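Chemist:
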Amino acid sequence: MSKAPLFSTYRQGENRVTASMLAVFERIDLSLLEQLLGAASGESDLQMVRFRNQISGKGSVPDAGISAHFNYLFEVKTEPEAVRVQQLRGHLALLGDQGDQRLFVITPDIEEPHQVTTLAVEDARVGWVSFVALASAVEEILAAADETVSEREAFLLRELVRLFEADGLLDSPNDVVIVAAGTAYPFYQQYGLYVCQAGRGFSAHIQRMGFYRRKAIQPEVPEILWHQDGFDISAQSIAELERSGDSTKKDAARRLREAIDQGELELDWQAQVFLLSAPDDERTFRLAHPIAHDGRSGWTQKQRYVSSEILSGNPRSTKELRDDASDPS
Numbered sequence: 008m009s010k011a012p013l014f015s016t017y018r019q020g021e022n023r024v025t026a027s028m029l030a031v032f033e034r035i036d037l038s039l040l041e042q043l044l045g046a047a048s049g050e051s052d053l054q055m056v057r058f059r060n061q062i063s064g065k066g067s068v069p070d071a072g073i074s075a076h077f078n079y080l081f082e083v084k085t086e087p088e089a090v091r092v093q094q095l096r097g098h099l100a101l102l103g104d105q106g107d108q109r110l111f112v113i114t115p116d117i118e119e120p121h122q123v124t125t126l127a128v129e130d131a132r133v134g135w136v137s138f139v140a141l142a143s144a145v146e147e148i149l150a151a152a153d154e155t156v157s158e159r160e161a162f163l164l165r166e167l168v169r170l171f172e173a174d175g176l177l178d179s180p181n182d183v184v185i186v187a188a189g190t191a192y193p194f195y196q197q198y199g200l201y202v203c204q205a206g207r208g209f210s211a212h213i214q215r216m217g218f219y220r221r222k223a224i225q226p227e228v229p230e231i232l233w234h235q236d237g238f239d240i241s242a243q244s245i246a247e248l249e250r251s252g253d254s255t256k257k258d259a260a261r262r263l264r265e266a267i268d269q270g271e272l273e274l275d276w277q278a279q280v281f282l283l284s285a286p287d288d289e290r291t292f293r294l295a296h297p298i299a300h301d302g303r304s305g306w307t308q309k310q311r312y313v314s315s316e317i318l319s320g321n322p323r324s325t326k327e328l329r330d331d332a333s334d335p336s
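Numbering-wise, the sequence shown is residues 8 to 336 according to the working numbering.
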């Protein structure tokens, strides 16, 4: 099967990328597009379509109604530091005042272009989305394995991310994946492992892992020492690791066997295994304190990406984390 991106025959440059994005957006479910743009932009209040029961009106109350009134404009740049305020002002002038009116500025910049920041103070309808944030949102949606995402939609979204990668739009410092961790966090503390379902998507750039639990990112940010997808949790596979002659794989085998012996890990299933530096290992970065999340909903349901540089500043709140500026999913 060809490894070339699905959209390789499109025009080059910004038109090629824009046309490819629009082709995908046009072919996925509207609710999925709403979720994607909301996650990438950090705008949780996006609502393209409204479904209402018992609509109040003058002299009439229909049983239900479906309505849509939005206008989203996009300005796409494939080179950093290419945003022009005058151009954005012209785009904003095209927006109306009815319904949800927004201008999304999509760029490969690491940080929000100052032109967007300044303009957003004057007009809240403009917002920035990095290609990294868009790819991260795709990864998080697909990692959730939601049955509402069809195979065709998943394929199109993955191909779009591959296009971003091929065009060098995802060169990002995001090297830390933060996973939603209920039992996974104490499991890591005990065994130095993270084990999840096989086939779950992770960014190829990650070097460390963090754990989001009980409304906070926990202090330990271990280094990823070894990783294998599609690993059979079986006595035979663990024995093969032990015979490999590789000290890291032997360490993984020892920890897996210990977790199995303690009844914390079941045998005979296929998983994705991460060997992580232990909590007391010097390779593990430790935050000065947990990073709290004040939002009503969880900061992540599966995984999100941030940079170790941002974490080294010991932010106190997830509001200080700009995964859209430094990311994954």
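We put the CB at the ideal spot given by N, CA and C, even for glycine. Please read all numbers here as calculations on a predicted model, not as lab measurements.
#1: Label Pro193 either buried or exposed according to how many other C-beta atoms from any shown protein chain fall within 10 Å of its C-beta, with 16 as the threshold for buried.
#2: Note the first and the last residue of the continuous alpha helix (DSSP H) segment covering Leu283.
#3: What beta strand (DSSP E) runs, 3 residues minimum, are completely inside the segment 141-221?
#4: Taking the alpha-carbon of Val202 as reference, which of Val186, Ala46, Gln214, Gly49 has the nearest alpha-carbon?
#5: Less than 8 Å between C-beta atoms, sequence neighbours within five positions excluded: which residues of the same chain meet that for Ala246?
#6: For a test of your reading of the model: does the CB of Asn181 fall under 7 Å from any non-hydrogen atom of the ligand ZN? Yes or no.
#7: If Gly106 and His76 are in contact, beta carbons under 8 Å, what's the gap, nearest whole angstrom?
#8: Considering only their Cβ atoms, is the gap separating Arg262 from Gly199 smaller than 8 Å?
#9: His98 to Asp174, Cα distance in whole Å?
#10: Quick check: the Cα distance between Ala144 and Ala211, rounded to an integer number of angstroms?
#11: Quick check: Val31 and Leu141, are their CB atoms within less than 8 Å of each other?
#12: Any idea if His121 is buried or exposed, counting beta-carbon neighbours within 10 angstroms, 16 or more meaning buried?
#13: Mind checking which residues open and close the alpha helix (DSSP H) that includes Asp258?
#14: Report the start-end ranges of each beta strand (DSSP E) in the segment 100-144 that is 3 residues or longer and not cut off at the edges.
#15: Ala242: buried (16+ other C-beta within 10 angstroms of its C-beta) or exposed?
#16: What's the gap between the Cα of Tyr219 and the Cα of Phe81?
#17: Do you know offhand how far Glu41's Cα is from Arg165's?
#18: I'd like the span of the alpha helix (DSSP H) that includes Leu340, first residue to last.
#19: Taking the alpha-carbon positions, what's the Leu101 to Ala191 distance?
#20: Span of the beta strand (DSSP E) holding Val342?
#21: Quick check: what's the CA-CA separation for Pro69 versus Phe58?
#22: Taking DSSP's pairing of strands, which residues face His234 in a bridge?
#23: State whether the segment 320-328 contacts the segment 287-301, with contact taken as three or more CB pairs (one from each stretch) at a distance under 8 Å.
#24: Assess contact between the segment 82-94 and the segment 106-117, defined as three or more Cβ pairs (one per stretch) separated by less than 8 Å. Is contact present?
#25: Between Tyr312, Thr255, Lys256, Leu149, which lies nearest to Arg215 when the distance is taken from Cα to Cα?
#26: Look at the alpha carbon of Ser169 and the alpha carbon of Phe238, and state the distance between them as a whole number of angstroms.
#27: According to DSSP, is Ser27 part of a helix, a strand, or is it coil?
#28: Leaving aside the five residues before and after Trp135 along the sequence, list all residues of the same chain whose C-beta is less than 6 Å from its C-beta, in chain order.
#29: Kindly indicate which three-state DSSP category Ile245 falls into: helix, strand or coil?
Modeler: Quick answer:
#1: Pro193 comes out exposed.
#2: Careful: Leu283 lies outside any alpha helix (DSSP H), inside the beta strand (DSSP E) at 276-283.
#3: Fully enclosed beta strand (DSSP E) runs of 3 or longer: 183-187, 200-204, 215-219.
#4: Closest by alpha carbon: Val186.
#5: Counting only Cβ-Cβ distances below 8 Å, and skipping sequence neighbours, we find Ala260.
#6: Among the components modelled here there is no ligand, and therefore nothing to report on the ligand ZN.
#7: That pair is a contact at about 3 Å.
#8: Yes. Within cutoff.
#9: Their Cα atoms are separated by approximately 26 Å.
#10: For Ala144 and Ala211, the gap between their C-alpha atoms comes out near 15 Å.
#11: For Val31 and Leu141, no; Cβs fall outside 8 Å.
#12: Per the 10 Å Cβ criterion, exposed.
#13: Per DSSP, Asp258 is one residue of the alpha helix (DSSP H) stretching across 254-268.
#14: Runs found: 107-114, 133-137.
#15: Classification of Ala242: exposed, given that the 10 Å Cβ count is below 16.
#16: Going from the Cα of Tyr219 to the Cα of Phe81 covers about 33 Å.
#17: Within the model, the alpha-carbon separation for Glu41 versus Arg165 is close to 17 Å.
#18: The structure shown does not extend to residue 340, since the chain is modelled only from 8 through 336, so no value can be given for it.
#19: Rounded to the nearest angstrom, the two C-alpha atoms are 49 Å apart.
#20: Look at the range of the chain in this structure, 8 to 336, and you will see that residue 342 is not part of it.
#21: Near 12 Å, if we compare the C-alpha coordinates of Phe58 and Pro69.
#22: According to DSSP, which records beta bridges pairwise, His234 is partnered with Phe281.
#23: A contact exists between the segment 320-328 and the segment 287-301.
#24: Contact between the segment 82-94 and the segment 106-117 is present, because at least three Cβ pairs lie under 8 Å.
#25: With distances taken between Cα atoms, Arg215 lies closest to Tyr312.
#26: For the sequence presented, residue 169 should be read as Arg rather than Ser. Pairing Arg169 with Phe238, the inter-Cα distance amounts to about 25 Å.
#27: DSSP, read as helix, strand or coil, puts Ser27 in helix.
#28: So the list reads Val112, Glu119, Val123, once near-sequence residues are dropped.
#29: Secondary structure at Ile245: helix, using DSSP grouped into helix, strand and coil.
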